[in-house]
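Going by my numbering, 80 is the number at position 76 of the sequence shown; the sequence numbering is gapless.
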Amino acid sequence: MPSAPWSTIQLAEFLEVFEVIEMLDADKMTRIAIDRVAAALDAEVVALLKEDSVVRCLGFQPDSLPVKLLRTAASVRFSEVDAPGIGPAHSVSAAVSAAGCRLVVMRAADPFDKEEEMLIRSMAKALGLAMTATDRLTESRELAERLSERQYLGDRLSLIQQSISHRAPLQEVMDSITQGGAELLGVDVVGLRIVGLGERSGPIASLAGFQGDGLEAFRDIPLHQGFSGRAFLEGELVSTHDFSAEFEQVGLVPQIGIEAAMAAPVQHDGRIVGILNVASRVSGRQFTPAEQEVLLRLADHASLAVTDAEAVHVLRDSLEGERFKAGHDALTALPNRSSVLEMIEYELRGATSMTPLCVLYVDVDRFKLLNDMHGHFFGDLVLVEVANRLRSTVREEDLVGRLAGDEFVVVAPGISGQAAEALAERIVQTMSEPLLIQGRSTQVTLSVGVAESLPSLTSESLLSNADVAMYRAKTNGRDSVVRYDTQMREEMFQRADLEHEITLGLKAGEFVPFFQPSVDLATERIDSLEALVRWNHPTRGELSPAAFLELAEETGLIIELDKQVLDEACRRLAGWTQTNPELTLSVNLSVRHFANTDIVDFVAATLAKHRLHGSRLWLEITESMVMANNAMTLDILRSLRSLGVRFMVDDFGTGYSSLVYLKRYPIDALKVDREFVDGLGVDLEDEAIVTAIIRLAEALGHEVIAEGVETEVQKNWLLEAGCLQAQGFLFSKPLSGDDLDLVLLSSTGMDSGLI
């Protein structure tokens with residue numbers, strides 16, 4: 005998309021003055037605005053005149069202002085002047101909208117071109133709108149001060165005024181006005197209707213004090229009808245203490261039972277666009293002049309809110325609308341990649357060794373899995389909440405953007421690498437509280453990479469460095485922060501090479517199962533086998549899962565890898581069936597399989613292909629997998645159970661889990677993690693935990709298997725505690741299929757010497 009015109013960019017930056025400066029500080033606002041005009045146009049003189057007075061001037065000393073020269077320049081649109089201390093200069097003046105002022109800009113260099121003249125007029129118009137709004141806000145503030153003896157009134161008006169200054173939604177401002185009117189005036193019902201603002205806003209209605217479903221009916225009453233119609237037609241406040249006798253019972257009036265009422269018009273741009281009504285059920289109540297003044301002030305605030313909202317809409321629609329859409333992400337409203345790169349490029353121009361620029365690359369861990377398991381709409385809600393937490397965590401001067409998918413960025417100017425790491429740690433910590441998405445508590449973690457600017461870096465290369473550091477954070481276990489160094493890029497290339505090699509290895513059938521026996525502790529005979537993957541790498545030899553499994557999981561290659569291991573392991577099991585008909589097989593499954601139902605069809609086809617009954621197969625799943633509490637996960641487990649397949653929870657007791665899943669899911673066995681088995685015979689706490697797991701399994705009718713058994717002491721302790729199955733190096737290391745052939749097909753079995 006082509007870049008925005010120079011004048012549009014300058015005007016957008018000029019408008020930022022009114023976004024960041026408190027609207028009640030008119031002096032500061034005009035001073036900074038005039039400074040911005042001078043900077044944008046390389047002008048030596050910028051002056052703001054009201055009638056014959058110079059309100060503010062940049063370029064001349066206050067005690068030597070050439071007032072006559074400035075008045076003359078303000079009286080015409082274009083002129084050539086001889087400015088004191090400057091010499092011959094070109095002058096342009098423009099009306100400052102409804103503020104009754106004129107803006108004068110002088111420059112000694114080249115004459116102003118058409119685009120610059122248009123920019124000056126646009127800046128003058130924007131300044132006029134801001135000054136008008138400031139004047140209105142100032143009047144409201146002065147009123148609140150005059151009514152200081154009524155502190156509550158002042159507080160309420162201040163809250164309304166603040167919501168207007170902070171650009172709260174118009175409906176929210178109107179609701180605060182009606183609520184304030186009800187409390188300040190002690191009336192039963194307050195209603196406010198705004199119409200005639202065009203398709204952008206539509207009718208706006210707010211009711212306070214009315215008990216019932218009447219808002220829609222109230223919104224649809226024409227402004228010129230009934231009691232409100234008199235205020236609409238006369239354009240001023242009307243009041244009555246005998247409502248039922250004087251006015252037709254229209255709309256909601258019969259339901260409310262009005263006895264006394266007031267109505268005041270709400271205006272915008274010289275037109276009446278709304279009516280503010282108050283009503284009392286107290287017979288004979290007469291509203292005092294002070295109460296009428298309160299209603300008028302509330303109506304003024306409503307008028308001010310409408311005017312301000314419309315001005316913001318017009319300016320943003322005409323000057324920023326398309327630019328905003330082009331430069332921002334539609335889902336989160338954060339700046340998109342192109343805007344982020346522009347900001348980095350801009351900040352790099354001002355970055356030094358004393359005021360460096362840091363970029364934080366933020367990635368949501370395992371987001372694809374979250375998307376697959378809960379749906380894309382759920383994932384979108386997660387991204388919106390992550391964006392909100394990022395915005396609330398960073399400094400005011402930082403920029404938060406969304407690059408793509410689950411990737412965010414924070415541009416942090418004027419901050420050292422060490423301070424940026426501290427900021428990144430706060431960002432990670434802000435996700436420690438689970439997200440509540442559609443009533444579901446969802447734990448999300450972030451990986452953050454930090455990169456610091458160097459003189460040789462471009463915006464793309466700085467962002468790339470932060471990206472590389474983020475990937476290192478992921479390889480470090482996620483939920484962490486890593487600062488970039490040059491060695492990381494080489495490691496990233498190595499990971500890319502490894503991913504490519506895994507892909508080729510899957511095509512070449514280089515991944516094979518090894519088998520670690522589980523034994524009956526009483527007889528030490530093999531009763532089951534666990535399939536563990538090994539990679540017969542063409543140049544590096546046999547590789548354990550530690551060399552490749554995490555990357556396969558991260559990239560999704562684990563799905564094909566698991567399927568190949570399951571198929572080959574079942575083929576081997578079928579070959580051992582004749583001599584070992586009761587032998588069973590357990591296979592580990594990645595959580596990624598539970599994002600779609602394809603795994604059910606694959607398991608069924610594999611069992612049929614190798615003529616195996618489902619009861620011969622155990623699938624090992626993790627606590628985190630079942631803790632997802634996902635309907636699809638439960639459906640998949642039940643479908644697999646219908647095939648006869650049984651389920652074992654691997655590494656039981658090491659995850660963040662709830663025991664509820666033991667009754668919710670079709671679990672058949674618990675596997676005691678080696679972390680607890682290591683301490684048997686020497687650590688009373690480990691012994692207590694393992695005893696509890698064994699008793700829990702017995703009570704639920706589940707089998708229990710201990711893994712990592714390496715000593716006779718551990719074996720004997722397990723036997724005495726009632727654990728009947730175990731695996732570990734005491735009995736056998738993992739064996740290849742060919743080596744296991746020699747064991748299972750021999751008559752001596754466990755006495756073969758290989759185990």
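Every residue gets a Cβ at the ideal spot worked out from N, C-alpha and C, and that includes glycine.
CB of V713 within 8 angstroms of CB of I697, strictly: no
Contact set for S232: own chain, Cβ-Cβ below 8 angstroms, skip 5 residues either direction: R197, I225, A267, I279, N281
Cβ contact (3+ pairs, closer than 8 angstroms) linking the region 713-730 and the region 559-567: no
Integer Cβ distance of A608 from L647, believed to fall under 8 angstroms: 6 angstroms
G685 beta carbon less than 8 angstroms from that of F519: no
Beta carbon of A313 nearer than 8 angstroms to that of P269: no
Residue environment, L15, which counts as buried when at least 16 other CB atoms sit within 10 Å: buried
Burial state of L739 (16 or more Cβ within 10 Å): buried
Reduced DSSP category for E17 - H, G, I as helix; E, B as strand; rest coil: helix
For S57, the nearest candidate out of L69, A47, L704, Q271 (CA to CA): L69
Neighbour-count burial assignment, D369, 16 or more Cβ in a 10 Å radius: D369 comes out buried.
Sub-8 angstroms separation of S590 and S548 beta-carbons: no
Closest residue to A315 among V386, L19, D246 (Cα-Cα distance): L19
Cβ shell of Q290 (< 6 angstroms), same chain only, five flanking positions each side left out: Cβ within range, chain order: H245.
Identified DSSP bridge partners for I198: Under DSSP, I198 takes part in a beta bridge, and its partners are I208, G278.
Between the CA atoms of T626 and K511 - distance to the nearest angstrom: Using only the alpha carbons, I get a separation of about 28 angstroms.
Spatially closest choice to I38 from L131, Q447, A470, S83, by CA coordinates: L131
Residues bridged to G453 [DSSP beta-bridge criterion]: According to DSSP, residue pairing for G453 in a beta bridge involves Y365, V486.
Proximity test, R650 beta-carbon vs the ligand GDP heavy atom, cut-off 7 angstroms: You won't find the ligand GDP in this model; it holds no ligand whatsoever.
Three-state secondary structure assigned by DSSP to Q447: coil
CB contact check: E187 to chain B, cutoff 8 angstroms: Checking the listed chains, one finds no chain B in this structure; it contains a single protein chain.
Straight-line Cα distance separating L587 from L749: 12 angstroms
Cβ separation of L385 and I419, assumed to be a contact under 8 angstroms, to the nearest whole Å: Taking C-beta atoms under 8 angstroms as the contact rule, L385 and I419 fail to qualify, at a distance of about 31 angstroms.
Same chain, Cβ closer than 7 angstroms to R406, neighbours up to 5 away in sequence not counted: Excluding residues up to 5 positions away in sequence, D333, T336, L338, N340, A391, F412 lie with their Cβ nearer than 7 angstroms to the Cβ of R406 in the same chain.
Proximity of F735 and E505 at Cβ, strictly below 8 angstroms: no
Three-state secondary structure (DSSP) of R140: helix
Cβ neighbour criterion (16 or more within 10 Å) applied to A424: buried
Bridge partner(s) assigned by DSSP for E711: Under DSSP, E711 forms a beta bridge with Q731.
Exposed unless 16 or more other CB atoms sit within 10 angstroms - verdict on W10: exposed
Status (buried if at least 16 other CB within 10 Å, exposed otherwise) for R596: buried
Residue environment, A500, which counts as buried when at least 16 other CB atoms sit within 10 Å: exposed
Sub-8 angstroms separation of I671 and H617 beta-carbons: In this structure, I671 sits away from H617, with a CB-CB distance that is not shorter than 8 angstroms.
Closest by C-alpha distance to D471, when choosing among A573, D402, V366: V366
Delimiting residues of the alpha helix (DSSP H) encompassing D46: First-last for D46: undefined, no H or E at that position.
Element boundaries [alpha helix (DSSP H), containing S646]: Segment: none, S646 is in no alpha helix (DSSP H) and carries neither H nor E.
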